[in-house]
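Asker:
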Amino acid sequence: MIRVLIVDDSLFIRTILRDLLKGAPDIEVVGTAVNGIDALEKISSLKPDVVTLDIEMPRMNGLETLEALSGVPAKPKVIVLSTLTSRQADMTHRALRLGADDFMLKPRDVPNVRGIENELIQKIRNLVALPTIVKSAAISRNEADAVVLIGSSAGGPPMLDTLLSALPPDLPAAVVVTQHMPEGFTASLAERLNRVSALPVKETENGDSLQTGTILIAKAGFHTIISGVAAGNGKNHGRIIHSTAPRLHAVRPAVDKTFASAAHVFGPRTVAVILSGMGNDGGEGMLAVKTAGGRTMVCAEEDCLVYGMARSALSRNCVDKVVPLKGLAREITRAVKQLEVNHV
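129 is the number that full-length UniProt numbering gives to position 129 of the sequence shown; each next residue is one higher, with no gaps.
Now the structure itself:
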């Protein structure tokens, strides 16, 4: 049984979160706290496995609470709950640097709070289950001859934990993740994923080169375009271009933009994957990858919170495989290594 402590100054939020977690048979809410001082006392007495932590609270806020927890032996895993504001984005980033293990976006409009149930439960389970990752500094990183593209939206972040933590540190390709997320939060996502992946993870910067065995998270607010750079071996390498072109499918970054531009540069040396997500983004991009000779796959529906994006690709008959989440890393690695054999 996973023991959870809920920390929030809002009685309504505490009540809602407790109610949401009641439906999970493997989770027990052992208590609630109204601020950091209350939380520290209850962490000491209740010994929770996971704490959900609000940032802005009276007397002792979430950041101060994390600082106080830094010296606590066997401290619980901490999920920071953050509302969708630029100030909260900055504080979330600081919270991760202070030792928070994950974060979750909390809707500002009260009626939508109940919509986070499945993602919150999944995040709690992931935190307890994720293995400890040790990064290898000895692996050399070169300009990538192949690229793995991952697109996701609602329900995507917990799936990225599972997928990226299972990729091998010597993956002979660059990885570019396009996750729909409010501006300001993709830096926190990259920092969070960097902790659970054996490969280095960072948010994209304009002009970044695509390196083997590295993961780039598309920066929110820009379309991440892959631009080609001619290489001496007759192949193209990739560079990141940030574009402020109009939103596509009401989002920026759009998966379609990244997938289609990468397919143009890497052609048959492209592997494209779609995880959970609402809407149609990704279908056209995956068709472009398939048309260019690349490999395509979507996650199985039973592992996704929402199946709109994957269904958009499936409706275009451009998906090679439908793969359970726990098998995706293995399937991606196999596809990349097959690319090496076919395009030496």
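Just so you know, even glycine gets a beta-carbon here, dropped at the ideal spot from N, CA and C.
Locate the beta strand (DSSP E) running through H264, then write down its first and last residues.
Answerer: Locating residue 264 in the sequence shown gives position 264, counting from the first residue. Segment 255 to 266 is the alpha helix (DSSP H) holding H264; no beta strand (DSSP E) there.
Asker: Taking the alpha carbon of I133 as the point to measure from, which residue in L199, R316, A68, L189 has its own alpha carbon closest?
Answerer: In the sequence shown, counting from the first residue as 1, residue 133 sits at position 133. For I133, the nearest C-alpha among the options comes from L199.
Asker: In chain order, which continuous runs of the alpha helix (DSSP H) of length 4 or greater are located wholly inside the stretch 14 to 81?
Answerer: DSSP runs (the alpha helix (DSSP H)) wholly in the stretch 14 to 81: 36 to 46, 62 to 69.
Asker: For D145, which residues of its own chain have a beta-carbon under 7 Å away from its beta-carbon, when the five flanking residues on both sides are left out?
Answerer: Taking the sequence shown and counting its residues from 1, one reaches residue 145 at position 145. Here the set comprises K235, R269.
Asker: Skipping 5 residues on each side, what residues in its chain have a beta carbon closer than 8 Å to that of C299?
Answerer: What you label residue 299 is simply residue 299 of the sequence shown in a count that begins at 1. Once the five neighbours on either side are set aside, the close Cβ partners of C299 are M159, V273, I274, L275, S276, A310, V322, V323, P324, L325, L328.
Asker: Which term fits E205, buried or exposed, when burial requires 16 or more other beta carbons within 10 angstroms of its beta carbon?
Answerer: Counting from 1 along the sequence shown, the entry for residue 205 is found at position 205. The residue is exposed, with fewer than 16 neighbouring Cβ atoms inside 10 Å.
Asker: Report the residue from N280, D256, G308 whose alpha carbon sits nearest the alpha carbon of K290.
Answerer: For the purposes of this step, residue 290 is taken as residue 290 along the sequence shown, with counting starting at 1. With distances taken between Cα atoms, K290 lies closest to D256.
Asker: Taking only runs of the beta strand (DSSP E) that begin and end inside the stretch 238 to 318, which ones reach a length of at least 3 residues, in chain order?
Answerer: Listed in chain order, the complete beta strand (DSSP E) runs (minimum 3 residues) inside the stretch 238 to 318 are 270 to 274, 295 to 299.
Asker: To the nearest angstrom, how far is it from the Cα of G279 to the Cα of H249?
Answerer: Residue numbering aside, residue 279 sits at position 279 when the sequence shown is read from its first letter. Residue numbering aside, residue 249 sits at position 249 when the sequence shown is read from its first letter. So the alpha carbons of these two residues sit roughly 8 Å apart.
Asker: Measure from the alpha carbon of I226 to the alpha carbon of each residue in F185, T186, H180, G285, then state which is nearest.
Answerer: Numbered from its first residue, the sequence shown carries residue 226 at position 226. Comparing Cα positions, the closest option is G285.
Asker: If we count Cβ pairs, one from each stretch, closer than 8 Å, do we get three or more for the stretch 18 to 25 versus the stretch 59 to 77?
Answerer: Short answer: they don't touch.
Asker: I believe D101 touches V78 by the beta-carbon criterion, under 8 Å. Please report the beta-carbon distance rounded to the nearest angstrom.
Answerer: Your numbering for residue 101 matches position 101 in the sequence shown. Your numbering for residue 78 matches position 78 in the sequence shown. That belief holds up - the Cβ atoms of D101 and V78 are roughly 5 Å apart, short of 8 Å.
Asker: At 3 residues or longer, and completely inside the stretch 145 to 173: list those beta strand (DSSP E) runs for me, N to C.
Answerer: 147 to 152, all fully within the stretch 145 to 173.
Asker: Would you identify the three-state DSSP class for D90, choosing helix, strand or coil?
Answerer: Looking up residue 90 in the sequence shown gives position 90. Reduced to three states, the DSSP call for D90 is helix.
Asker: Name the two residues that bound the continuous beta strand (DSSP E) containing A129.
Answerer: Numbered from its first residue, the sequence shown carries residue 129 at position 129. Unbroken run through A129 is the alpha helix (DSSP H), 117 to 129; no beta strand (DSSP E).
Asker: Excluding five sequence neighbours on each side, which residues of the same chain lie with their C-beta closer than 8 Å to the C-beta of D26?
Answerer: Counted from its first residue, the sequence shown places residue 26 at position 26. Contacts found: M1, I2, R125.
Asker: Nearest to A89 by CA position, among A129, M181, I116, is which residue?
Answerer: Within the sequence shown, numbered from 1, the residue matching residue 89 stands at position 89. Answer by Cα proximity: M181.
Asker: Take the Cβ of E191 as the centre, count every other Cβ of all protein chains shown within 10 Å, and call the residue buried at 16 or more, exposed below.
Answerer: Within the sequence shown, residue 191 is the residue found at index 191, counting from 1. That one is buried.
Asker: How long is the line joining the alpha carbons of T186 and A313, rounded to whole angstroms?
Answerer: Translated into the one-based positions of the sequence shown, residue 186 becomes position 186. Translated into the one-based positions of the sequence shown, residue 313 becomes position 313. About 24 Å.
Asker: For my contact list, L5 and A39 are in at a C-beta cut-off of 8 Å; report their separation, rounded to the angstrom.
Answerer: The residue you call residue 5 lines up with position 5 of the sequence shown. The residue you call residue 39 lines up with position 39 of the sequence shown. Right, the Cβ-Cβ distance comes to about 7 Å (below 8 Å), so this counts as a contact.
Asker: Using a 10 Å radius around the Cβ and a threshold of 16 neighbouring Cβ atoms, would you call G156 buried or exposed?
Answerer: Taking the sequence shown and counting its residues from 1, the one referred to as residue 156 is at position 156. G156 is buried by the Cβ-count criterion.
Asker: Excluding five sequence neighbours on each side, which residues of the same chain lie with their C-beta closer than 7 Å to the C-beta of A231?
Answerer: Here the question's residue 231 lines up with position 231 in the sequence shown. Once the five neighbours on either side are set aside, the close Cβ partners of A231 are E143, H237.
Asker: Ordered along the chain, which non-local residues of its own chain (more than five positions away) have a Cβ less than 6 Å from that of V175?
Answerer: The sequence position of residue 175 within the sequence shown is 175, counting from 1. These residues qualify, in order along the chain: V148, I215.
Asker: May I have the straight-line CA-CA distance separating S315 from A262, to the nearest angstrom?
Answerer: By 1-based counting over the sequence shown, the position of residue 315 is 315. By 1-based counting over the sequence shown, the position of residue 262 is 262. Computed Cα separation, rounded: 21 Å.
Asker: Which of helix, strand or coil does DSSP assign to G228?
Answerer: As a first step, residue 228 must be located in the sequence shown, where it is residue number 228. The answer is strand: DSSP assigns G228 an E or B state.
Asker: Would the beta-carbon of V80 fall within 8 Å of that of G62?
Answerer: Translated into the one-based positions of the sequence shown, residue 80 becomes position 80. Translated into the one-based positions of the sequence shown, residue 62 becomes position 62. Yes, the pair counts as a contact, with Cβ atoms nearer than the cut-off.
Asker: Strictly by DSSP, which residues pair up with Q211?
Answerer: For the purposes of this step, residue 211 is taken as residue 211 along the sequence shown, with counting starting at 1. Answer is E143, bridged to Q211.
Asker: Using the rule of at least 16 other Cβ atoms within 10 Å of the residue's Cβ for burial, across every protein chain shown, is A260 buried or exposed?
Answerer: Taking the sequence shown and counting its residues from 1, the one referred to as residue 260 is at position 260. Label assigned to A260: buried.
Asker: Suppose contacts are defined by Cβ-Cβ distances below 8 Å. Is E183 in contact with A220 by that definition?
Answerer: As a working mapping, residue 183 is identified with position 183 in the sequence shown. As a working mapping, residue 220 is identified with position 220 in the sequence shown. Yes; because the gap between Cβ atoms is below 8 Å, this pair is in contact.
Asker: Determine, using beta carbons only, whether T178 and P76 come nearer to each other than 8 Å.
Answerer: For the purposes of this step, residue 178 is identified with residue 178 of the sequence shown, where counting begins at 1. For the purposes of this step, residue 76 is identified with residue 76 of the sequence shown, where counting begins at 1. Going by C-beta atoms, T178 is not nearer than 8 Å to P76.
Asker: How close, in whole Å, do the beta carbons of K106 and T83 come, if the pair is a contact with beta carbons under 8 Å?
Answerer: Reading the sequence shown from its first residue, position 106 is the one you call residue 106. Reading the sequence shown from its first residue, position 83 is the one you call residue 83. Yes, K106 and T83 are in contact; Cβ-Cβ is about 5 Å, under 8 Å.
Asker: Just how far apart, CA to CA, sit G207 and H223?
Answerer: Translated into positions along the sequence shown, residue 207 becomes position 207. Translated into positions along the sequence shown, residue 223 becomes position 223. Using only the alpha carbons, I get a separation of about 13 Å.
Asker: With 8 Å set as the bound, which would you pick, yes or no: does the beta-carbon of E119 sit closer than that to a beta-carbon of chain D?
Answerer: Considering every chain present, this structure includes no chain D. It has just one protein chain.
Asker: Select from S152, R141, E301, G294 the residue whose C-alpha is nearest the C-alpha of D170.
Answerer: By 1-based counting over the sequence shown, the position of residue 170 is 170. Nearest C-alpha to D170: R141.
Asker: Between T333 and the rest of its own chain, which residues show a CB-CB distance below 8 Å, the 5 nearest in sequence each way excluded?
Answerer: In the sequence shown, the residue the question calls residue 333 occupies position 333. Only L167, P168, L171 meet the Cβ criterion.
Asker: Helix or strand or just coil, what does DSSP make of I133?
Answerer: Start at 1 with the first residue of the sequence shown, and residue 133 comes out as number 133. Coil, per DSSP.
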